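Per UniProt numbering, the very first residue in the sequence shown carries number 1; after that it's consecutive.
Positions of the beta carbon are idealized from the N, C-alpha and C atoms, including for glycine.
This structure is a prediction, so every number in the text was calculated from the model and none was measured.
Structure record follows, encoded as structure tokens.
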Amino acid sequence: MNDSVWERVSSSAPEVNPAIYNLIIGLTLCWGFGVNWYMVSTIDPALIDSVNPLLFLIGYFASCMLGVYLFNTSDKPIVSFIGYNLVVVPFGLIVNLVVSEYSQDIVIEAIRVTGLVTIAMMCLGTLFPQFFQRIEGVLFIALLLVVIVELIEIFIFGIHHDFIDWIVVLIFCGYIGLDWGRANQIPKTVDNAIDSAAALYMDIINLFLRILRILGRKD
1 MNDSVWERVS SSAPEVNPAI YNLIIGLTLC WGFGVNWYMV STIDPALIDS VNPLLFLIGY
61 FASCMLGVYL FNTSDKPIVS FIGYNLVVVP FGLIVNLVVS EYSQDIVIEA IRVTGLVTIA
121 MMCLGTLFPQ FFQRIEGVLF IALLLVVIVE LIEIFIFGIH HDFIDWIVVL IFCGYIGLDW
181 GRANQIPKTV DNAIDSAAAL YMDIINLFLR ILRILGRKD
């Protein structure tokens, strides 16, 4: 979802062949998911929950924003990878807290569904990149409205409507297709592969969390 990454039309760095480029994207995604899995397996959610909420939010957004800034502006793979990890770790803390509320069977099912949906949307993004580019503005406005509505519901009315989770799932399905299509249209450098993986990682984790919530309600 990082526009400056997708605006790159040339690069001074050497390009790799498409297979290597997509492999780097895949390995970078696997690294992020592996770090999250390790965090969920080793960090007690109670420890995270004991942190002052305000300090946690400040640290969370500071780390994510710095990470996004680094991989969004740097053309050096190592710097982009550091930025990616600055996003992966705070996301992992959130995943840890959320996953702890559900049974292992539900979590595994959510992972399976997320994986299948992600693959399907990547295929669609490859086949119909122009379609996803046309709906980019709609996706952004829809996501912005959902964030505003959810904040109002939670902090003012203290409620949450289940249908919003389905809307968010559709939005991030769109973003996965969009970002995958764009990832394969920019110069195929190692740095761009890492940057593309970072954008896709955020899409996929957000999709997973909503699918987990939906499946959890059916349990």
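Residue of P45, C173, T28 minimising C-alpha distance to V98: What you label residue 98 is simply residue 98 of the sequence shown in a count that begins at 1. For V98, the nearest C-alpha among the options comes from P45.
For A197, the three-state DSSP class (helix, strand or coil): As a first step, residue 197 must be located in the sequence shown, where it is residue number 197. The answer is helix: DSSP assigns A197 an H, G or I state.
Own chain, CB closer than 6 angstroms to V16, minus 5 neighbours either side, in chain order: As a working note, residue 16 is residue 16 in the sequence shown. Excluding residues within five positions, the ones whose Cβ falls inside 6 angstroms are K188.
Three-state secondary structure assigned by DSSP to N17: Translated into the one-based positions of the sequence shown, residue 17 becomes position 17. Coil.
Ordered list of alpha helix (DSSP H) runs contained in the segment 110 to 185, each at least 4 residues: 129 to 134, 136 to 152, 163 to 183
Within 8 angstroms, strictly: CB atoms of N35 and C64: Within the sequence shown, the letter at position 35 stands for residue 35. Within the sequence shown, the letter at position 64 stands for residue 64. The displayed chain sequence assigns Val, not Asn, to residue 35. Cβ distance not < 8 angstroms, so V35 and C64 don't count as in contact.
Which of helix, strand or coil DSSP assigns to I43: The sequence position of residue 43 within the sequence shown is 43, counting from 1. Three-state DSSP puts I43 in coil, outside helix and strand.
Collapsed DSSP secondary structure at K76 in the structure displayed: Position 76 of the sequence shown, counted from the start, is the residue given in the question as residue 76. Correct three-state label for K76: coil.
Rounded separation between F128 and L209 - CA only: For the purposes of this step, residue 128 is taken as residue 128 along the sequence shown, with counting starting at 1. For the purposes of this step, residue 209 is taken as residue 209 along the sequence shown, with counting starting at 1. If you take the alpha carbons of F128 and L209, they lie about 26 angstroms apart.
I58 versus G92 - alpha carbon distance: Residue mapping note: residue 58 aligns to position 58 of the sequence shown, counting from 1. Residue mapping note: residue 92 aligns to position 92 of the sequence shown, counting from 1. Approximately 16 angstroms between the Cα atoms of the pair.
Short Cβ contact (8 angstroms threshold) for P14 with I194: Taking the first residue of the sequence shown as position 1, residue 14 is located at position 14. Taking the first residue of the sequence shown as position 1, residue 194 is located at position 194. No; because the gap between Cβ atoms is not below 8 angstroms, this pair is not in contact.
Integer Cβ distance of G177 from F132, believed to fall under 8 angstroms: Residue mapping note: residue 177 aligns to position 177 of the sequence shown, counting from 1. Residue mapping note: residue 132 aligns to position 132 of the sequence shown, counting from 1. Yes, they are in contact, since the Cβ atoms of G177 and F132 sit about 5 angstroms apart, within 8 angstroms.
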